[in-house]
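Just below is one structure, and these are the notes that go with it.
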Amino acid sequence: MTKHERIFQGVPIGVGSYTALEAARLLRTSPGSVNRWLSGYTYRREGQERRMPPLWRPQITRPDEHLEIGFRDLIELRFVKAFLDEGIGLLAVRNCLEYARTYVDDERPFSTQRFRTDGRTIFLESVEHSGESRMLDLKKRQYVFRDVIIRTFRDLDIEADAVVRWRPYNGKQSIVIDPQRAFGQPIASKYGVPTVALAQAVGAEGSVEDVARLFDVPASVVRDAVRFEESLKSAA
Numbered sequence: 522m523t524k525h526e527r528i529f530q531g532v533p534i535g536v537g538s539y540t541a542l543e544a545a546r547l548l549r550t551s552p553g554s555v556n557r558w559l560s561g562y563t564y565r566r567e568g569q570e571r572r573m574p575p576l577w578r579p580q581i582t583r584p585d586e587h588l589e590i591g592f593r594d595l596i597e598l599r600f601v602k603a604f605l606d607e608g609i610g611l612l613a614v615r616n617c618l619e620y621a622r623t624y625v626d627d628e629r630p631f632s633t634q635r636f637r638t639d640g641r642t643i644f645l646e647s648v649e650h651s652g653e654s655r656m657l658d659l660k661k662r663q664y665v666f667r668d669v670i671i672r673t674f675r676d677l678d679i680e681a682d683a684v685v686r687w688r689p690y691n692g693k694q695s696i697v698i699d700p701q702r703a704f705g706q707p708i709a710s711k712y713g714v715p716t717v718a719l720a721q722a723v724g725a726e727g728s729v730e731d732v733a734r735l736f737d738v739p740a741s742v743v744r745d746a747v748r749f750e751e752s753l754k755s756a757a
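Each residue of the sequence shown is one higher than the one before, starting from 522 at the first, in this note's numbering.
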């Protein structure tokens, strides 16, 4: 199903639209992880099957079981993955998320200005409330958590207290993910051309300079697009 076909099936304009596969590609993780986090999963314990609910309900609601998420969902998942990559367990992340919703008063609290400033406090208070403090090295975890927040917000743009854009190629201004443009797909920020189109054109034409002339985009931006797309492939 193409992006335009999904729009005609009720995906709101300006929210962004990503399948689990598209989100996983941008997050450099597996589609299975995205599905587990936002569709929930079952597991067995002591011979009984149990159900773990999704971390939250995605922005885009579909009548079938096909998972589709919005831009804010994508950014929230980026934080989830960053915390997990640093060894913070999913249960601790889930508890922090639930506590942060109340603290920040937003269904997607990780992608807010308030979380940017108060994230470490939220984490520590959520751990205390959940009774997990004995399970965690708090002195170590609070610094890890702070560093993840600082690092992850570095390439995000905030307006009206929430994340509105992501600069996914090393924080450079040349490439942007903006839910208001191109349905949230990565584009050359000043020119609106999808990075995948630029990279594929270079592969077909064999010359960055030829593609730059063809799309009327600076060669430096074309090179950034090619390197960005290559980085996504190498992380797959």
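All C-beta atoms in this analysis are idealised placements derived from N, C-alpha and C, irrespective of residue type, glycine included.
Between the C-alpha atoms of Ala-746 and Glu-567 there is a straight-line separation of about 50 Å.
Within a 10 Å sphere around the beta-carbon of Gln-706 sit 16 or more other beta-carbons, which makes this residue buried. Note on Ala-681: under 16 other CB atoms within 10 angstroms of its CB, so exposed under the neighbour-count rule.
By the C-beta criterion, the stretch 530 to 546 is judged to be in contact with the stretch 694 to 708, since at least 3 inter-stretch pairs fall below 8 Å. For Val-684, the uninterrupted beta strand (DSSP E) segment begins and ends at 683 to 687. Membership of Glu-619 in the alpha helix (DSSP H) is indicated by the continuous run 611 to 625. Residues Val-625 of the same chain have their beta carbon placed closer than 6 Å to that of Arg-635, with the five preceding and five following residues left out of the count. A residue is called buried when at least 16 other Cβ atoms come within 10 angstroms of its Cβ; Gln-701 does not meet this threshold and is exposed. Counting along the chain, the unbroken alpha helix (DSSP H) around Thr-642 starts and ends at 634 to 651. Proximity of the stretch 707 to 722 to the stretch 736 to 744 meets the contact definition, three or more beta-carbon pairs being nearer than 8 Å. The Cβ atoms of Tyr-620 and Ile-643 sit closer than 8 Å to each other. Beta-bridge annotation (DSSP): Ile-590 is paired with Tyr-539.
Taking the Cα positions, Arg-672 is about 35 Å away from Arg-571. Between Ile-609 and Arg-637, the C-beta gap is not smaller than 8 Å, which leaves the two residues out of contact.
Ile-679: member of the beta strand (DSSP E) spanning 677 to 680, first to last residue.
The DSSP-derived three-state label of Gln-663 is helix. For Thr-582, there is no enclosing alpha helix (DSSP H), as DSSP marks it with neither H nor E. By DSSP's assignment, Arg-572 forms a beta bridge with Thr-563. Across the set Thr-550, Leu-612, Ala-541, Asn-616, the C-alpha of Ala-541 shows the shortest separation from the C-alpha of Pro-579. Unbroken alpha helix (DSSP H) stretches of 4 residues or longer found wholly inside the stretch 684 to 732: 716 to 726, given in chain order. In the assembly as shown, Ser-695 is a buried residue. Its beta-carbon has 16 or more other beta-carbons within 10 Å.
Sequence-distant partners of Thr-716 (beyond 5 residues in either direction) whose C-beta falls short of 7 Å from its own C-beta, in its chain, are Ile-696, Pro-707, Ile-708, Ala-709, Ala-746, Phe-749, Glu-750.
Leu-618 has its alpha-carbon roughly 48 Å from the corresponding atom of Asp-731. Between Leu-753 and Arg-599, the alpha-carbon positions lie close to 14 Å from each other.
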